[in-house]
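One structure is given below, encoded as structure tokens.
Set out below in structure tokens:
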């Protein structure tokens with residue numbers, strides 16, 4: 795339902811709880827320039843995680859399950875390093891309980907920590923630059939890879955590749971039709 799604001803006649807719609815929370819967070823998208831600067835200074839591995847939008851952590855079967863500490867609540871701590879960028883560490887909190895003659899374990903919480911790499915490399919962009927989305931990272935990487943090329947030249951090359959692919963598919967279809975064992 796729309797309400798009017800202070801007799802001005804302007805329509806103000808009621809916000810949902812989610813809408814209020816989103817407005818309060820002040821989430822700001824990073825500028826193209828800030829994204830380009832970030833992309834220029836980080837490694838390909840960091841860019842892979844940023845463009846993918848997630849890190850690659852090993853599974854329990856791959857890494858085993860080894861605890862590295864205990865927190866103040868008595869939960870077991872397990873730390874996993876991203877196998878791609880090696881800068882993100884997932885910290886898992888586990889608890890164990892005896893149930894029915896058997897000890898069962900379950901992960902009750904997890905969070906991410908970021909560490910500085912050997913050469914001073916950092917995963918996070920400088921604060922105050924806004925949020926960088928995976929799409930923005932990918933767009934910046936693509937723009938840098940294609941710099942110096944014109945859109946029309948790229949379009950012509952793509953059309954040639956498309957024609958070549960269709961010709962190759964037609965040739966495979968002819969070969970399959972003429973093969974008596976096919």
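In this note's numbering, the protein residues as written are 795 to 976.
Ideal placement from N, C-alpha and C gives every residue a C-beta, glycine not left out.
On the CB-based measure, 16 or more other CB atoms within 10 Å of its CB, does residue 943 come out buried or exposed?
Translated into positions along the chain shown, residue 943 becomes position 149. Here residue 943 is exposed. Its C-beta has fewer than 16 other C-beta atoms within 10 Å.
On the three-pair Cβ rule with 8 Å, is the stretch 848-862 touching the stretch 938-952?
Taking one beta carbon from each stretch, the stretch 848-862 and the stretch 938-952 have fewer than 3 pairs nearer than 8 Å; the two do not touch.
Short of 6 Å in beta carbon distance, which residues of its chain neighbour residue 897, apart from the five on each side in sequence? Order them along the chain.
Here residue 897 refers to the residue found at position 103 of the chain shown. If we look at residue 897 and ignore the five residues flanking it on each side, its Cβ neighbours are 890.
Count the other CB atoms, across all protein chains shown, that sit within 10 Å of the CB of residue 902; report buried if there are 16 or more and exposed otherwise.
Counting from one through the chain shown, the residue named residue 902 turns up at place 108. Classification for residue 902: exposed.
If you run the structure through DSSP and keep just helix, strand and coil, what is residue 796?
Your numbering for residue 796 matches position 2 in the chain shown. Reliability fails at residue 796, whose pLDDT of 46 lies under 50, so the model's placement of it is uncertain and the value that follows must be treated cautiously. DSSP places residue 796 in strand when its eight states are reduced to three.
Inside the stretch 874-930 only - beta strand (DSSP E) runs reaching at least 3 residues
Here the runs fully enclosed are 882-893 and 896-908.
Within the same chain, show all residues whose beta-carbon is closer than 7 Å to that of residue 917, passing over the 5 residues directly before and after it, in chain order.
Here the question's residue 917 lines up with position 123 in the chain shown. Shown here for residue 917: same chain residues with a beta carbon closer than 7 Å to its own, the five before and five after excluded, namely 840, 879, 881, 882 and 908 in chain order.
Could you give the DSSP three-state label for residue 940: helix, strand or coil?
Working through the chain shown from its first residue, we reach residue 940 at position 146. DSSP places residue 940 in coil when its eight states are reduced to three.
If we call anything under 8 Å between Cβ atoms a contact, is residue 887 one with residue 871?
Within the chain shown, numbered from 1, the residue matching residue 887 stands at position 93. Within the chain shown, numbered from 1, the residue matching residue 871 stands at position 77. Contact flag set, yes.
For residue 837 versus residue 915, is the C-beta spacing smaller than 8 Å?
As a working note, residue 837 is residue 43 in the chain shown. As a working note, residue 915 is residue 121 in the chain shown. If you check the CB distance, residue 837 and residue 915 come in under 8 Å.
Test item: CB-CB of residue 911 and residue 885 under 8 Å
In the chain shown, counting from the first residue as 1, residue 911 sits at position 117. In the chain shown, counting from the first residue as 1, residue 885 sits at position 91. Cβ distance not < 8 Å, so residue 911 and residue 885 don't count as in contact.
Would you mind reading off the limits of the alpha helix (DSSP H) that contains residue 948?
Stepping through the chain shown from its first residue, residue 948 is reached at position 154. DSSP places residue 948 in the uninterrupted alpha helix (DSSP H) bounded by 945-972.
Within the same chain, show all residues whose beta-carbon is closer than 6 Å to that of residue 835, passing over the 5 residues directly before and after it, in chain order.
Taking the chain shown and counting its residues from 1, one reaches residue 835 at position 41. The beta carbon of residue 835 is closer than 6 Å to none in its chain, skipping five residues each way along the sequence.
So the candidates are 825, 831, 822 and 846; which of them puts its Cα closest to the Cα of residue 928?
Within the chain shown, numbered from 1, the residue matching residue 928 stands at position 134. Ranked by Cα distance from residue 928, the first of 825, 831, 822 and 846 is 846.
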